[in-house]
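Under full-length UniProt numbering, the first residue of the sequence shown is numbered 1, with each subsequent residue one higher.
Using N, Cα and C, we set each Cβ at its ideal position, and we do this for glycine too.
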Amino acid sequence: MSSTVQNNATEPLLAGTEDNGEGNPYSTGYGSIEERPRFTRNKLEKVLEQLNDNEYYTKLRKNNDKSTIRKIKKLVEEYSESFTDNEIAYLCDFTPKEANFYGLPKIHKSNTIQTAVKHQNRKYIESPNPNDLKLRPIVAGPESTTQRMSHFLDLILKKLCPLIPSYVRDDIDFLRYIPETVTKNTLLTTFDVTSLYTNIPHDLGTTAIKYWVEINREIVDGRFDTEFIVKALKIILEGNIFYFDGLFLLPASAVDYKNWFDSITKYPLNDKMDTYNGHFRKNEFGDIPILLAHYNANS
1 MSSTVQNNAT EPLLAGTEDN GEGNPYSTGY GSIEERPRFT RNKLEKVLEQ LNDNEYYTKL
61 RKNNDKSTIR KIKKLVEEYS ESFTDNEIAY LCDFTPKEAN FYGLPKIHKS NTIQTAVKHQ
121 NRKYIESPNP NDLKLRPIVA GPESTTQRMS HFLDLILKKL CPLIPSYVRD DIDFLRYIPE
181 TVTKNTLLTT FDVTSLYTNI PHDLGTTAIK YWVEINREIV DGRFDTEFIV KALKIILEGN
241 IFYFDGLFLL PASAVDYKNW FDSITKYPLN DKMDTYNGHF RKNEFGDIPI LLAHYNANS
């Protein structure tokens, strides 16, 4: 029987600003935490609890987007001979929009919700305010200050991804790597990587990209040297500022940013750090499947 958790848990949590919601479908229109409805207030507190972790997020006194724009334009000017006119216009001539933060509730990992599903025999499951609900942090910045440079770097670097042993293009590609035959007791298991993006330090991500560019220069666009790529990455990482509930924040490590940068950082980093030499290992969006031969100790 299909079930739907009827507690708005599948909606993003309070993305964005405190205005009346124009241009922001998740804005509440309320001011302080105390003024908001109880359920909205509980969700907001979960987000703020996450953002107050100084290990992952740095609070800024102001929005530094203008400074980031200047850095991008200066970099493009420095390497102007490497760009076409259209590329320069794409990177420099646009009006950026503020990036907003929201959290996607991981309802499948809530024991409270799982218990409710198990005990409530009806189509809609009621589970108000589960206290063990965790969030997947996401920054929505489709026209943010760094988005276009991120996209441009993706076009330069995405050819590297298929070279990495742990790379999986999509679900169909994944099926190609499963052995045609396995022993009778083989188990297909998966390991979930906890907080994949937020555990990638900026310097380590940059080191991984630099490493793969250097050993594969022949397939990376020759117009752009490694120095340019590293400088552009630094601008992106230091300029991925987002807004939430009156706060401007900068991720101290990678975050699931809705642009292209994290997708081109994840695979090179995973492979550079990979010390597992098992028979079968692939990484698809943080879930690592491994085939294990299972032996019965009593047999």
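Checklist line | Distance between residue 53 and residue 193 (C-alpha atoms, nearest Å) | finding: 19 Å
Next item on the list: Compare the beta carbon distance of residue 229 and residue 153 with 8 Å and say whether it is the shorter of the two.
Entry: yes
Notebook entry, point to check: Going by Cα to Cα distance, which pick from 88, 251, 244, 60 is closest to residue 236?
Noted result: Closest by alpha carbon: 251.
Notebook entry, point to check: Apart from the five residues on each side of it in sequence, which residues of its chain come closer than 6 Å, Cβ to Cβ, to residue 116?
Noted result: 125, 127
Next item on the list: Measure from the alpha carbon of residue 226 to the alpha carbon of each residue in 206, 46, 165, then state which is nearest.
Entry: Nearest Cα to residue 226 within the set 206, 46, 165: 206.
Margin query: Is the beta carbon of residue 47 closer than 8 Å to that of residue 244?
Written below: Closer than 8 Å, so yes.
Checklist line | Which of helix, strand or coil DSSP assigns to residue 129 | finding: coil
Item checked: Environment of residue 177 [buried if 16+ CB atoms lie within 10 Å] -> exposed
Check: Where do the N-terminal and C-terminal ends of the alpha helix (DSSP H) with residue 70 fall, by residue?
Finding: 65 to 78
Notebook entry, point to check: Just the Cα atoms here: how many angstroms apart are residue 109 and residue 102?
Noted result: Taking the straight line joining both Cα atoms gives about 18 Å.
Check: According to the Cβ coordinates, are residue 135 and residue 50 closer than 8 Å?
Finding: yes
Next item on the list: Consider the Cβ of residue 193: report whether some Cβ of chain D lies at a distance smaller than 8 Å.
Entry: Considering every chain present, this structure includes no chain D. It has just one protein chain.
Notebook entry, point to check: Which value, in whole angstroms, describes the spacing of the CA atoms of residue 212 and residue 148?
Noted result: About 22 Å.
Note to self: Going by the DSSP bridge assignment, what does residue 313 pair with across the sheet?
What the structure shows: Because residue 313 is not part of the residues shown, which for the chain are 1 to 299, the question remains open.
Margin query: For a test of the three-state rule: what should DSSP assign to residue 82, helix, strand or coil?
Written below: If DSSP states are grouped into helix, strand and coil, residue 82 belongs with the helices.
Item checked: Bridge partner(s) assigned by DSSP for residue 245 -> Its beta-bridge partners do not exist; DSSP assigns none.
Notebook entry, point to check: Is DSSP giving residue 191 helix, strand or coil here?
Noted result: strand
Checklist line | Rounded C-alpha distance that separates residue 151 from residue 63 | finding: 22 Å
Check: From residue 163 to residue 131, what distance separates their C-alpha atoms?
Finding: Going from the Cα of residue 163 to the Cα of residue 131 covers about 43 Å.
Next item on the list: Within its chain, find whatever has a CB closer than 7 Å to the CB of residue 216; leave out the 5 residues flanking it on each side and keep chain order.
Entry: 160, 163
Check: Hey, how far is the Cα of residue 129 from the Cα of residue 82?
Finding: 54 Å
Checklist line | Proximity to residue 143 [Cα-Cα], best of 183, 118, 69, 202 | finding: 69
Check: Would you report the Cα separation of residue 119 and residue 219, rounded to the nearest angstrom?
Finding: 56 Å
Notebook entry, point to check: Distance, Cα to Cα, residue 139 vs residue 184?
Noted result: 44 Å
Notebook entry, point to check: Taking C-alpha atoms, which residue in 72, 78, 93, 238 lies nearest to residue 201?
Noted result: 238
Item checked: Under 8 Å between C-beta atoms of residue 175 and residue 58 -> no
Next item on the list: Below 8 Å on the Cβ atoms is my guess for residue 155 versus residue 209; work out the distance and round it to an integer in Å.
Entry: 14 Å between Cβ atoms; not a contact.
Next item on the list: Give me the Cα-Cα distance between residue 170 and residue 203, rounded to the nearest whole angstrom.
Entry: 28 Å
Item checked: beta strand (DSSP E) segment containing residue 211, residue limits -> Unbroken run through residue 211 is the alpha helix (DSSP H), 202 to 215; no beta strand (DSSP E).
Note to self: Just list the residues that DSSP pairs residue 144 with in beta bridges.
What the structure shows: None, per the DSSP bridge assignment.
Next item on the list: Would you tell me roughly how many angstroms separate the C-alpha atoms of residue 123 and residue 45, rounded to the nearest one?
Entry: Near 29 Å, if we compare the C-alpha coordinates of residue 45 and residue 123.
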